[in-house]
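Here's the structure we're looking at; comments come further down.
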Amino acid sequence: MKKIILSFVLLTFVFACKDQEKESASVETKEPEKQPVVYVSNYPLYYFANKIGEDIIDLRFPASNETDPSDWVPGAENIVKMQQADLILLNGATFEKWLNNVTLKDEDMVNTTEGMSDKMLPLGEKFTHSHGEGGEHTHEGTASITWLDLSLAIAQAEKVNEALKKEAPGKSEDFQANFEKLKNGLSELHKNYQKLEIDPEKVQLIYSHPVYQYLQNAYGLKGENLHWEPSDGWDKNKKHEIEHLAKKGKKTYLVWEDEPTKAMKEGLEEMGVTSVVVNPLFGQPENLDMQEVLFKNLQNLQKISEE
Numbered sequence: 007m008k009k010i011i012l013s014f015v016l017l018t019f020v021f022a023c024k025d026q027e028k029e030s031a032s033v034e035t036k037e038p039e040k041q042p043v044v045y046v047s048n049y050p051l052y053y054f055a056n057k058i059g060e061d062i063i064d065l066r067f068p069a070s071n072e073t074d075p076s077d078w079v080p081g082a083e084n085i086v087k088m089q090q091a092d093l094i095l096l097n098g099a100t101f102e103k104w105l106n107n108v109t110l111k112d113e114d115m116v117n118t119t120e121g122m123s124d125k126m127l128p129l130g131e132k133f134t135h136s137h138g139e140g141g142e143h144t145h146e147g148t149a150s151i152t153w154l155d156l157s158l159a160i161a162q163a164e165k166v167n168e169a170l171k172k173e174a175p176g177k178s179e180d181f182q183a184n185f186e187k188l189k190n191g192l193s194e195l196h197k198n199y200q201k202l203e204i205d206p207e208k209v210q211l212i213y214s215h216p217v218y219q220y221l222q223n224a225y226g227l228k229g230e231n232l233h234w235e236p237s238d239g240w241d242k243n244k245k246h247e248i249e250h251l252a253k254k255g256k257k258t259y260l261v262w263e264d265e266p267t268k269a270m271k272e273g274l275e276e277m278g279v280t281s282v283v284v285n286p287l288f289g290q291p292e293n294l295d296m297q298e299v300l301f302k303n304l305q306n307l308q309k310i311s312e313e
């Protein structure tokens, strides 16, 4: 009887060990959950996708080293990689000039400004003046720096959120929670931008480039556009343009994408024009993230608003 009981115990132990081995083997052979490969075309979309998707997604921004990703042209290697991606997030509004020359699957692409055609703005006008001739010249096309209107930035972030949910439905709750945090931060910034009060009767705004259309339209910051680079030096032609553009009796500010040269800044100051930096977030900023840059822009504009 003892032998029978002992045999039974041994058999039970052997089968239990085999079951454990099977479970261990199952755990060992189970593949880790696949990260959706997500490509983005500009820094704001990278920021949105990174904040919402976190480490759930494999996020790639091939134009990250470009000063202006709207001028980026993908090489053969990047095209192949994008063709293999799970999701490609696009800005739309003519931002991706390269798109017409690349074959990508429609089902993989999400245009984050789709359905917002009524909110899209034209490129606008650039002021030029040369030897008594010139004026404002209209540039046809659609302005693409949509995210400077933070209501549009929030709408684009929501498109990113919905696209990620479709790609990884099991993580929808995580995506939604992250999106809500992002939305709250952007909404707070939007409210503060709306509080800007710049009296056009007292203050004149001039923009170094026609890239601020959405900022101007959303927050009542209208002004003429030049086509100057922050790296430009000060010369008689620049002085000539300002003489014909600056309005007497008004405090004039020139809005730059980046800090202008010392010579430029001093030349403008001699003419009573103050330089202000409002970073349009073309490329990936150094040391700051998108919301931090937007806040810094806001602080610079608030100084004008207080005049």
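Here the working numbering is used: the first residue of the sequence shown is 7, the next is one more, and so on.
Beta carbons: idealized from backbone N, C-alpha and C, even for Gly.
All values derive from a computational prediction rather than experimental measurement.
(1) Q200: buried (16+ other C-beta within 10 angstroms of its C-beta) or exposed?
(2) Counting beta carbon pairs with one atom in the segment 208-215 and one in the segment 224-235, are three or more of them shorter than 8 Å?
(3) Tell me which residues share the same chain as V279 and place their Cβ nearer than 8 Å to its Cβ, disregarding the 5 neighbours each side in the sequence.
(4) Can you give me the C-alpha to C-alpha distance between T267 and Y52, rounded to a whole angstrom?
(5) In whole angstroms, what is the alpha-carbon distance linking S178 and P206?
(6) Please return the same chain residues whose Cβ sits closer than 7 Å to the Cβ of K271, not counting the five positions on each side in sequence.
(7) Is DSSP giving G229 helix, strand or coil here?
(8) CA-CA distance, D295 and N97?
(9) Rounded to whole angstroms, what is the Cα-Cα separation between T109 and E39?
(10) Excluding the five sequence neighbours on either side, which residues of its own chain have a C-beta within less than 7 Å of the C-beta of W104, listed in chain order?
(11) According to DSSP, is L105 part of a helix, a strand, or is it coil?
(12) Helix, strand or coil: how does DSSP classify D61 here?
(13) Please state the DSSP three-state secondary structure of H137.
(14) Whether or not the segment 57-64 and the segment 168-188 are in contact is what I'm after, with contact meaning three or more pairs of Cβ atoms, one per stretch, closer than 8 Å; do they touch?
(15) By the three-class DSSP mapping on this structure, what secondary structure does T258 have?
(16) Among residues of its own chain, excluding the 5 on either side of N117, which ones have a beta-carbon nearer than 7 Å to its beta-carbon?
(17) Just to confirm, are M277 and K245 a CB contact at a threshold of 8 Å?
(18) So, using beta-carbon positions, are P75 and G289 closer together than 8 Å?
(19) In this structure, how does DSSP classify N314 when only helix, strand and coil are distinguished?
(20) Rounded to whole angstroms, what's the CA-CA distance from L65 to E72? Just pull it up for me.
(21) Measuring straight from C-alpha to C-alpha, what distance separates I312 and L304?
(22) Going by CA-CA distance only, name the one from V166, Q219, L274, P236 that's closest to L129.
(23) Taking the C-alpha atoms as reference points, what is the distance between Y45 and Y225?
(24) Helix, strand or coil for P50 per DSSP?
(25) Going along the chain, which residues of its own chain have a beta-carbon closer than 6 Å to the beta-carbon of A149, five neighbours each way excluded?
Let me lay it out:
(1) In the sequence shown, the residue the question calls residue 200 occupies position 194. Burial call: exposed.
(2) yes
(3) Within the sequence shown, the letter at position 273 stands for residue 279. Closer than 8 Å at Cβ, skipping near neighbours: I212, I248, A252, T258, Y259, L260.
(4) In the sequence shown, counting from the first residue as 1, residue 267 sits at position 261. In the sequence shown, counting from the first residue as 1, residue 52 sits at position 46. Roughly 30 Å between the two C-alpha positions.
(5) In the sequence shown, residue 178 corresponds to position 172, counting from 1. In the sequence shown, residue 206 corresponds to position 200, counting from 1. S178 and P206: Cα-Cα distance of roughly 46 Å.
(6) The sequence position of residue 271 within the sequence shown is 265, counting from 1. Counting only Cβ-Cβ distances below 7 Å, and skipping sequence neighbours, we find S281.
(7) Residue numbering aside, residue 229 sits at position 223 when the sequence shown is read from its first letter. G229 falls in the coil class under three-state DSSP.
(8) Residue mapping note: residue 295 aligns to position 289 of the sequence shown, counting from 1. Residue mapping note: residue 97 aligns to position 91 of the sequence shown, counting from 1. Approximately 18 Å, taken between the alpha carbons.
(9) Position 103 of the sequence shown, counted from the start, is the residue given in the question as residue 109. Position 33 of the sequence shown, counted from the start, is the residue given in the question as residue 39. Near 29 Å, if we compare the C-alpha coordinates of E39 and T109.
(10) Residue numbering aside, residue 104 sits at position 98 when the sequence shown is read from its first letter. Result list for W104: W78, V79, P80, in chain order.
(11) Taking the first residue of the sequence shown as 1, we reach residue 105 at position 99. Of the three classes helix, strand and coil, the one that applies to L105 here is helix, per DSSP.
(12) Translated into the one-based positions of the sequence shown, residue 61 becomes position 55. It is helical.
(13) Stepping through the sequence shown from its first residue, residue 137 is reached at position 131. Here H137 scores only 40 on pLDDT, less than 50, and its place in the model should not be relied on; the value that follows carries that caveat. Correct three-state label for H137: coil.
(14) yes
(15) In the sequence shown, counting from the first residue as 1, residue 258 sits at position 252. If DSSP states are grouped into helix, strand and coil, T258 belongs with the strands.
(16) As a first step, residue 117 is located in the sequence shown; it is residue number 111 there, counting from the start. Cβ neighbours of N117 beyond the five flanking positions: L96, G98.
(17) To locate residue 277, count along the sequence shown from 1; it is residue 271. To locate residue 245, count along the sequence shown from 1; it is residue 239. Cβ atoms of M277 and K245: closer than 8 Å.
(18) One-based indexing of the sequence shown puts residue 75 at position 69. One-based indexing of the sequence shown puts residue 289 at position 283. Cβ distance < 8 Å, so P75 and G289 count as in contact.
(19) Only positions 7 to 313 of the chain appear in the structure, and residue 314 is not among them; the question remains open.
(20) Position 59 of the sequence shown, counting from 1, holds the residue named residue 65. Position 66 of the sequence shown, counting from 1, holds the residue named residue 72. Distance between the alpha carbons of L65 and E72 is about 17 Å.
(21) The count along the sequence shown starts at 1 and reaches residue 312 at position 306. The count along the sequence shown starts at 1 and reaches residue 304 at position 298. Looking at the sequence provided, one finds Glu at residue 312 rather than Ile. Taking the straight line from one Cα to the other gives about 12 Å.
(22) Stepping through the sequence shown from its first residue, residue 129 is reached at position 123. Comparing Cα-Cα distances from L129 to each of V166, Q219, L274, P236, the minimum goes to Q219.
(23) Your numbering for residue 45 matches position 39 in the sequence shown. Your numbering for residue 225 matches position 219 in the sequence shown. Y45 and Y225: Cα-Cα distance of roughly 31 Å.
(24) Mapped onto the sequence shown, residue 50 falls at position 44. Three-state DSSP puts P50 in a helix.
(25) The count along the sequence shown starts at 1 and reaches residue 149 at position 143. Contacts found: L127, L129, Q219.
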